[in-house]
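Here is the structure we will look at, set down as structure tokens.
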Amino acid sequence: MSWQQRIETALAQRRESQTLRSRSVVAQGCGRWLERDGQRWRNFSSNDYLGLSQHPAVVAAWQDGARRYGVGSGGSGHITGYSEAHQHLERQLAQWLGYPRALLFISGFAANHAVISALAQSEDMLVADRLSHASLLEAASQSPAQLRRFAHNDTAALQRLLAKSCTGQRLVITEGVFSMDGDSAPLAEIAAATRQAGAWLMVDDAHAAGVTGDGGRGSCAQAQWRPELQVVTFGKAFGVSGAAVLCSEPLADYLLQFARHLIYSTAMPPAQATAVSAALEVIASDEGEALRARLCSHIQRFRQGAAGLPLQLTDSSTAIQPLIVGDNEAALVMAQRLRERGFWVNAIRPPTVPPGTARLRLTLSAAHQNEDIDALLEVLHGIGE
Ligand SMILES: Cc1ncc(COP(=O)(O)O)c(C=O)c1O
């Protein structure tokens, strides 16, 4: 097949299986409302769980940072791109989560790739939850190490894999809260199994950092376990973008030598680091506590109201509340009906989720009002029937 034929065939296959992805141009995509073409929808699709993307202190911090540093970092952190703002944020994060070190990355995708590629060697075994994020599974499968996947949240299956022989090192990989199901990993059990096997644990806490656990410290704090590697991202509850890897002193020094995404890529703008610092201050404050309480009450309100729906909820107590539809086309039709009634909800289909589990990935935010949740439930009951 020529390049042209290969590309056209792949697109045709996606169209045929109702899995063609597309983007929508928005005037505003975060917060309570999604705005587009002069219209607005109640936004149930963004990961802005605390509404911080529009928080005045976070916005002002970015503006102040831009005035002070300009809008770019000017290079990789190894050249001229590591500013006082980056260092301050790394120290703040390390202290907040109780780690010796934090290293900033431009995104969670880059952080996961960088860490796995820097660590894994051919004699090693990477043992990942089957539903781990694409960035983790992709990095693991591209690495020279052997990748073994265990059934979702199944510690016994993990233990069986850890009992297999391996001449190198083993790294267990999971998310704290799963991005497409919203359920939480049994971290205390996973950590115990990992420790017993003498392996290391890497937890991607993208969807829990800022939201769950004491002071919003996330899933690991909740499980009272500090894994060897923790990844937090800033594009969700922090309302900005970027990520950090939390780890030991020697591991941070090692990543500074071998994590190629840090070395061969422009660092995040310092102004962005100041905005993330401001977001962290809100998260760690009484205001952050109040935002989490508000989000929690929305989650309870939604789950109570959705109990009678003829659609399957997942075992989620988090801001991610997917409704499993199954069929791709049915999920698209439901998303469209919701849009027609004023709600922005995305249908998530394979290959992002396993075949036959297309879903409406609803996300709740502290930026919502009770009336938003009630209006959504009313429409879902109508559509479900
Ligand atoms: C679990 C998880 N890890 C990593 C990422 C990637 O993070 P980022 O958006 O910062 O690249 C995402 C999604 O965006 C995610 O859901």
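Residue numbers (the numbering used here): 835 to 1219.
Just so you know, even glycine gets a beta-carbon here, dropped at the ideal spot from N, CA and C.
Under DSSP, GLU1009 takes part in a beta bridge, and its partners are ASP1038. Annotation: ALA944 to ASP963 spans about 19 Å, alpha carbon to alpha carbon. In the DSSP assignment, GLN1155 falls within the beta strand (DSSP E) that extends over 1154 to 1160.
Exposure of TRP837 is indicated by the presence of fewer than 16 other C-beta atoms within 10 angstroms of its C-beta. Between the region 1052 to 1064 and the region 1012 to 1028 there are three or more C-beta pairs closer than 8 Å, enough to call the two in contact. Cβ neighbours of TRP1178 within its own chain (closer than 8 Å, five residues either side excluded): LEU868, TRP875, ARG876, ASN877, PHE878, SER879 and LEU1172. The Cβ atoms of ASP871 and GLY1073 lie no closer than 8 Å to each other. Taken in chain order, the complete alpha helix (DSSP H) segments of 4 residues or longer contained in the region 938 to 1016 are 942 to 953, 968 to 976 and 989 to 996. Distance from the C-beta of ASN1180 to the nearest heavy atom of ligand 1 is not below 7 Å. Note on the region 1152 to 1214: whole alpha helix (DSSP H) runs with a minimum of 4 residues are 1162 to 1174, in chain order. Taking all protein chains in view, the Cβ of MET1102 is crowded by 16 or more other Cβ atoms within 10 Å, so the residue is classified as buried.
Here ALA1181 is near ALA1169, since their CB atoms are less than 8 Å apart.
Here LEU1196 is buried, its C-beta having at least 16 other C-beta atoms within 10 Å.
Judged by pairs of C-beta atoms under 8 Å, the region 1038 to 1055 touches the region 1004 to 1012, as three or more such pairs exist. Assignment of CYS1081 by DSSP, reduced to helix, strand and coil, places it in the strand class. The Cβ atoms of SER887 and GLY904 lie no closer than 8 Å to each other. ASN1204 counts as exposed, since fewer than 16 other C-beta atoms from the protein chains shown sit within 10 angstroms of its C-beta. The Cβ neighbour count for ALA948, taken over all protein chains shown within 10 Å, is at least 16; the residue is labelled buried. Between GLY942 and THR1108 a beta carbon distance of about 20 Å is seen, past the 8 Å cut, so the two are scored as non-contacting. Sixteen is the threshold: since fewer than 16 other Cβ atoms of the shown chains lie within 10 Å of the Cβ of HIS912, the residue is exposed. Of the candidates ALA985, ASN987, LEU960 and LEU965, the residue whose Cα lies closest to the Cα of ALA974 is LEU960. In this structure, the CA atom of HIS1215 is about 22 Å from the CA atom of LEU1129.
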